[in-house]
Amino acid sequence: MINIKLLPKAYTEVLEILKYVNKEDYEKIPRYIIENMEKEKDIEYQYSVTNFIDFNEQEMMKETEVILAVLFRDYWATKEQKMIIRAKEMKSYK
Amino acid sequence: MRKNVEECLNALYPDIDSLTPDEMKKYEKEKRFLEAYWPEFSEMFERRKSMIEKVGINRYTRLVIDLCKKQHDPETIIIDYIEGIAEAVGENSFINENFESFVNMLSFGRKKEKEGKDAREDKTPISLDTVFDLTEEFLGRIDESQGLLDEFKNLRANGGIELLDPYGEKESHYSHCENKIRYKFDGTVNSAYTLVHEFMHHLCTKQSETVMGYHNFTLLREFLSIYYENAFIDFMDEKGMLPNGTEPLMASRFKSEYEMDPDNCLGIYFDCYGKFKRDGSIDREGIEEVLKERFPDIEDADELWNHGAEMLTNFSEEHYFPIEIGAGLTMYKFGTAIAHYTPQTPEMHKKVHKLASVIKDGEHDFQAIQQYLLTIGQQEFEFSKQVDDKHEDEPKILTTMDIARRTLPNAELNDKNIISRIISRWRERANDRIGGDRND
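Those sequence lines, one after another, are chains S and R.
Counting in the numbering used here, the first sequence runs from 1391 upward without gaps.
Counting in the numbering used here, the second sequence runs from 2 upward without gaps.
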């Protein structure tokens, strides 16, 4: 279960990661999401992306993983990918 | 060197006098290819022929696969490869005798790889009107019913082709939402073929919306577009529009940075091809079966199988690939497209391109070829990422697939629901603020 109290730090991490996403994909995320994360992020918290070669090895909080997964599912995934994600979600729900 | 190229070609085409016009065209293409990009290959070819005779094709293929697994380390390749060959043929003296030629071959490959990033472009001028005329003639030729040509003319007449700023940042693309091709034309043959590419996206999207409702099968769309893009390049060459030949344009695709999943996309086509070879034919059910085998974990997603199979069958038999050429050639076409699609390095491109030809001939071990492609696809992909990362001045980019692979497996549904609820609240607040119902 994600920890709501850690979300401001997660927003900081998400916003940092989004800096390296190309402009076209970045703009697919509704502006209000970016604005709210900017507003609620932890400005003291320092985070940087260090592992571009293998992003799987990039350290990030569990909360960050979930936010990015939702962003991918809702705004970046193709129809085919969405179907696959939903099928897997349905399976995990059962 | 020239002599070697000819010898190599003679071995590939022993009876040149009896070649059909199509075979002769292929011969000429092969010749240009060898002369322009891989002179040392001719020498390699002789060695290969002799080795195959001695060790058999299966063992030879395995050695080549081993070689490709080590592509990130050329020095190791040389040593391992030569040792492997020496072991296979049982002649230790082979190492010393042939060391230099192997070093030359490999260093040549590395050099071309480096040059490929910026040297291969063809800036031969061409007018926009000529591009439109050529495109129309091309479409009329590949579809005797003239349906494609009519569609192109309609699209053009209805403002469906919009020119982009040739100096702007945006590249040519097809906008599904607006049903519009945005075409970046720079006045040279280097951008002439992208119009056909984007038009094929338009066709696929239109076709899938009306018939299949499945417009987002991205990988299929790219393959088809790239196949016809290359066909158009050949067509331009045939028309004498390419004084520098086809290779510079085909090589330009290396600069693209498409995201792909080599495992899945290659797998689908090669599974289909394998089934075609085993059963002698492949139909809708066969393709559906292949898709289900490839994605066993998501059996609930019936729609995926139905639409995916329908789309592949449609492509194979009814629309863009006439029924008479069958699934085998369709898979070859996909193989060719894969060869040009894979945006790794020129060195890899040549190898995969050769393999695409091999696949068409159907003389080689399918499993070995599949393994070869999958292996070098992944190896080269990793390698190119490492090379790119060394260029510190270049911007670092994360793709959405990088993010998906990193985050999706770990995110649980309950957690996603919590985040979705938070996002919904933000959306409601944003809507309240602007007094409307917009989402962005």
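No residue lacks a Cβ here, since even glycine has one placed at the ideal position from N, Cα and C.
Note that the structure is predicted; figures quoted are calculated from it, not measured.
Beta carbon proximity, residue i to chain R, threshold 9 Å
i         : result
S/Ile1433 : no
S/Pro1420 : yes
S/Thr1454 : yes
S/Leu1397 : yes
S/Glu1479 : yes
S/Gln1436 : no
Closest by C-alpha distance to residue i, when choosing among the options
i         : options                                       : result
R/Phe186  : R/His202, R/Glu163 and R/Asp16                : R/Glu163
R/Met201  : R/Pro167, R/Asp403, R/Leu409 and R/Ile143     : R/Ile143
R/Gly188  : R/Ser176, R/Ala405, R/Leu156 and R/Thr131     : R/Thr131
R/Leu399  : S/Met1473, S/Glu1414 and S/Val1460            : S/Glu1414
S/Glu1417 : S/Ile1474, S/Leu1461, S/Asn1441 and S/Glu1453 : S/Leu1461
R/Asp151  : R/Ile17, R/Asn432 and R/Glu137                : R/Glu137
R/Ile424  : S/Thr1402, S/Leu1396, S/Ile1457 and S/Met1450 : S/Ile1457
R/Thr247  : R/Lys240, R/Gly241 and R/Asp235               : R/Asp235
S/Met1450 : S/Lys1395, S/Lys1399 and S/Met1391            : S/Lys1399
S/Glu1479 : R/Lys417, R/Asn432, R/Arg434 and R/Ala431     : R/Lys417
S/Met1391 : R/Ile419, R/Glu172 and R/Arg428               : R/Ile419
Alpha helix (DSSP H) segment containing residue i, residue limits
i         : result
S/Tyr1410 : Segment: none, S/Tyr1410 is in no alpha helix (DSSP H) and carries neither H nor E.
R/Asp143  : In the sequence as displayed, the identity of residue 143 of chain R is Ile instead of Asp. Segment Leu129 to Ile143, the alpha helix (DSSP H) holding R/Ile143.
R/Leu150  : Gly148 to Ala158
R/Ile404  : Thr401 to Thr408
Residue i: first and last residue of the uninterrupted beta strand (DSSP E) it sits in
i         : result
S/Lys1490 : In the structure as shown, chain S begins at 1391 and stops at 1484. Residue 1490 of chain S is therefore absent and cannot be evaluated.
S/Tyr1422 : Careful: S/Tyr1422 lies outside any beta strand (DSSP E), inside the alpha helix (DSSP H) at Arg1421 to Glu1430.
Listed by chain order, chain R residues near residue i by CB distance under 7 Å
i         : result
S/Asn1412 : Ile398
Buried versus exposed, by CB contacts within 10 Å (16 or more), residue i
i         : result
R/Ala158  : exposed
R/Leu129  : exposed
S/Asn1426 : buried
R/Arg422  : exposed
S/Pro1420 : buried
S/Thr1440 : exposed
R/Thr401  : buried
S/Gln1436 : exposed
R/Gln387  : Since pLDDT at R/Gln387 reaches only 46, below the 50 mark, its modelled position is unreliable, and no value is offered.
R/Gln147  : exposed
Closer than 9 Å to chain S by CB, residue i
i        : result
R/Ile127 : no
R/Ser226 : no
R/Ala431 : yes
R/Pro423 : Looking at the sequence provided, one finds Ile at residue 423 of chain R rather than Pro. So yes, R/Ile423 belongs to the interface.
R/Lys181 : no
R/Asp416 : yes
R/Asp166 : no
R/Asp238 : no
R/Asp235 : no
R/Ile404 : yes
R/Ile17  : no
Under 9 Å from the C-beta of residue i: neighbouring residues of chain S
i        : result
R/Ser173 : The premise fails here: R/Ser173 is roughly 14 Å from chain S at the closest Cβ pair, so nothing lies under 9 Å.
R/Arg428 : Pro1420, Tyr1422 and Ile1423
R/Asp151 : Correct list: empty, because the minimum Cβ distance to chain S is about 28 Å.
Where residue i meets chain S, residues with beta-carbon distance less than 7 Å
i        : result
R/Arg407 : Phe1445, Asn1446 and Gln1448
R/Ala412 : Glu1455, Val1456 and Ala1459
R/Thr195 : Result: empty, since nearest Cβ-Cβ is about 17 Å, beyond 7 Å.
R/Ile419 : Ile1392
R/Thr131 : Residues of chain S passing the Cβ test: none, with the nearest at roughly 31 Å.
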